[in-house]
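In my numbering, the protein residues as written are 129 to 343. Even glycine gets a Cβ: it sits at the ideal position worked out from N, Cα and C. Fair warning: this is a prediction, and the values are worked out from it, not measured in the lab.
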Amino acid sequence: MAEQAKGNTSGLAGNLFVVSAPSGAGKTSLCKEIVDFFPRLRHSVSYTTRPPRAGEVDGRDYHFVARDAFDRMAAAGRFAEWAEVHGNGYGTAIATLEEARAGGFDLLLEIDCQGAARIKRNYRHGVFIFILPPSIDELRRRLEGRGTDSAEIIARRIDNARGEIQQASWYDYLVVNDDFSRARDELRAIILAEGCRSARVLPSLPAEFGLAESL
Ligand code: 5GP
């Protein structure tokens, strides 16, 4: 397991995993778990105009930038995708994807559905994963349990969640987070399986197997 968990060692460009979920589905905790688990999987650090929350670190959680800097990056075509989410700009820099490609490591993008749809159009090799809550009632319970948002904000998040869930059907994989450990195992399984795709493994096999011509 430990060897496999190192993922793609072939020198090929790594896999690109794109994870979306409505707020409260547990996406951030699940993504943190799997990035910690797979040494060759890195978390893509997005740019955002949203101010940092308590405990967030610039350059680790996000690159926190002013609106004019963000708009300049967008105008200069430096984003692989960007979107407005809850009134703030969020974007994935092309440079982040290029660094992953050059380094041969896998990259995990934790982005909203609009951004994921743009990546799907432009990066065909992406693997798209949607994390679902078990039900709207459970999502409401989780958002209320956080104790951080007013009833009005919770109602808005639930409304947004209903809209986002409609997008789930075009993703490659759906993970229902009713039990954290199971959802974590499912995510690990997806990442391991994608690393075993024949297109990924063939180039790393010994020449004596004579499989080069099938590339
Ligand atoms: P939060 O502000 O709670 O960290 O994130 C709000 C939403 O923005 C989440 O759905 C998150 O996945 C999404 N998001 C974070 N980074 C990006 C990005 O680079 N691009 C897009 N399109 N969405 C992002």
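- Rounded to whole angstroms, the separation of the alpha carbons of Phe258 and Ile318 is 12 Å.
- Under the three-state reduction of DSSP, Asn216 is assigned to strand.
- When secondary structure is reduced to three states using DSSP, Ser148 falls in the strand class.
- DSSP places Asp199 within a helical segment (H, G or I) once states are collapsed to three.
- Pairing Leu237 with Arg170 gives a Cβ-Cβ distance that is not under 8 Å.
- Going by C-alpha positions, Gly142 is about 20 Å away from Leu158.
- One Cα belongs to Arg310, the other to Tyr301, and the distance between them is close to 15 Å.
- Assignment of beta-bridge partners to Ile259 by DSSP yields Val303.
- Between Ser148 and Ile293, the C-beta spacing is not below 8 Å.
- Look at Thr224 here: in three-state DSSP terms it is helix.
- Proximity of the stretch 327 to 334 to the stretch 188 to 195 falls short of the contact definition, fewer than three beta-carbon pairs being nearer than 8 Å.
- The bridge partners DSSP lists for Leu330 come to none.
- The secondary-structure analysis by DSSP pairs Leu237 across a beta bridge with Val146.
- DSSP places Leu267 within a helical segment (H, G or I) once states are collapsed to three.
- Between Arg325 and Glu161, the gap from beta carbon to beta carbon reaches 8 Å or more.
- Phe308 and Asp164 have their alpha carbons spaced roughly 15 Å apart.
- Collapsing the DSSP output to three states places Leu158 in a helix.
- Across the structure, Leu144 and Val329 are spaced so that their CA atoms are roughly 16 Å apart.
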